[in-house]
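Below you'll find the structure, written out as structure tokens, and then a few comments.
In the working numbering, the protein residues as written are 1 to 472.
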């Protein structure tokens, strides 16, 4: 990504009206599957998608684990979801487009209001958009394709590159770990596969944008990224959904393999509407001298659970986690990071900023694990919470497991309330209460925003302003 956004790019990103994301999009469904989560349902999804047999068998194995594993009791709002009442697969009545002109007008208009075509033309190396359960558009710059960079929807990837996909699919994040990982593996659909060959640098971002367009829908996209030796990739993930009366459920997964000396920066701006329960499974495995950067911005949803994890497998591997969440209203943001130091001289840093307002609850859960033999490991966690009123809450649950005496693991946490004096001063200068709160929140996030690419920082500021206008 360019260090300084051009005036054209600034206009695009300022125009990306996230309030537009809350307005329904109507595209007819060609296939719609719902009901009990059974072998018949899983078989039907695989049949509709015309998958190879190895994928079907993998789905059925995951279903066995879903049926055996216990339901997590700590997920706020899960009791409001009836998984068997959800629509588990929706294929929109449109073929995957290679140009915007091939897309249905209703959907194209929606994306145009978000500025996606303009952003694609000016700042993106590649773009894929998912509506409901399928990728409906994808593009990669020809210069990158000629260097061997792959951007494909997962359905295409498992057929064109079966050996490569099979080598990594559910190897970074095994579906045996918990019930919702198994559910995802049984029902997954959509998502993208990205491969960056050795030594290739993708310095402009590839973006994937995911849209839930139906009430009582479950979305299970799967993103698989492989950065080969000495490569570099920036990847931007956007998530949104219109406002509907019924709850929907998101259970996506991201698997990233960072080979020796490679570097991946993975950025997410999540702005689901208030009727979404969002559960994400994200993990990277990092080999020798590799680096993973996670930048997570969680704003929307009824409740959100996001814990990107990094497995520092090779010597001198590093990870960086920057997490910013806002729980504005009767909503719950549960976020954090997990880092596993498995080799000597590995380093990690976690910076978490959470804001609670109007009765919102923010929770930080973190794990740093250092195994015996991971000599000279260094890890630092910083966790700060800002509470904007008496109704709101923030909790912090750090957990360190250090089995190596030469490791240095530190943690600091602060929690504070917004003062009436601050609000009074800003309002005396002509700001409304909501404008004052927005300004205070942006100031609190000052340690995070400068670390973001300029384009992403513009988006974040735009969405924060909408948050305190009551949009969504």
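Glycine included, every Cβ here is placed at the ideal spot set by N, Cα and C.
| Check | Outcome |
| --- | --- |
| Whether residue 319 touches residue 352 by CB criterion (8 Å) | no |
| Three-state secondary structure (DSSP) of residue 178 | coil |
| With 16 other Cβ atoms within 10 Å as the buried cut-off, status of residue 261 | buried |
| Residues of its chain near residue 402, where Cβ-Cβ distance is below 6 Å and the 5 sequence neighbours each way are ignored | 370, 409 |
| CA-to-CA distance, residue 442 to residue 464, given in whole angstroms | 8 Å |
| One or two residues paired with residue 416 in a DSSP bridge | 386 |
| C-alpha gap between residue 460 and residue 297, whole angstroms | 8 Å |
| Assigned exposure category for residue 419 - 16 Cβ within 10 Å defines buried | exposed |
| Residue interval of the alpha helix (DSSP H) (run including residue 441) | 433-444 |
| Contact under 8 Å by Cβ, residue 192 with residue 144 | no |
| When 163, 252, 416, 212 are compared against residue 272, the one with the closest alpha-carbon | 212 |
| Per DSSP, cross-strand counterpart(s) of residue 137 | 97, 129 |
| Per DSSP, cross-strand counterpart(s) of residue 267 | 236, 295 |
| Among 30, 29, 58, nearest to residue 43 - alpha-carbon criterion | 58 |
| N- and C-terminal bounds of the alpha helix (DSSP H) containing residue 117 | 116-122 |
| Enclosing alpha helix (DSSP H) for residue 105 [first to last residue] | 105-113 |
| Among 310, 222, 196, 199, the one whose alpha carbon lies nearest that of residue 210 | 222 |
| From 448, 425, 468, 123, residue whose alpha carbon lies closest to that of residue 435 | 468 |
| First and last residue of the uninterrupted beta strand (DSSP E) at residue 206 | 201-211 |
| Enclosing beta strand (DSSP E) for residue 152 [first to last residue] | 150-153 |
| Cβ neighbour criterion (16 or more within 10 Å) applied to residue 424 | exposed |
| Close beta carbons around residue 314, own chain, < 6 Å, minus the five adjacent residues each side | 287, 288, 343 |
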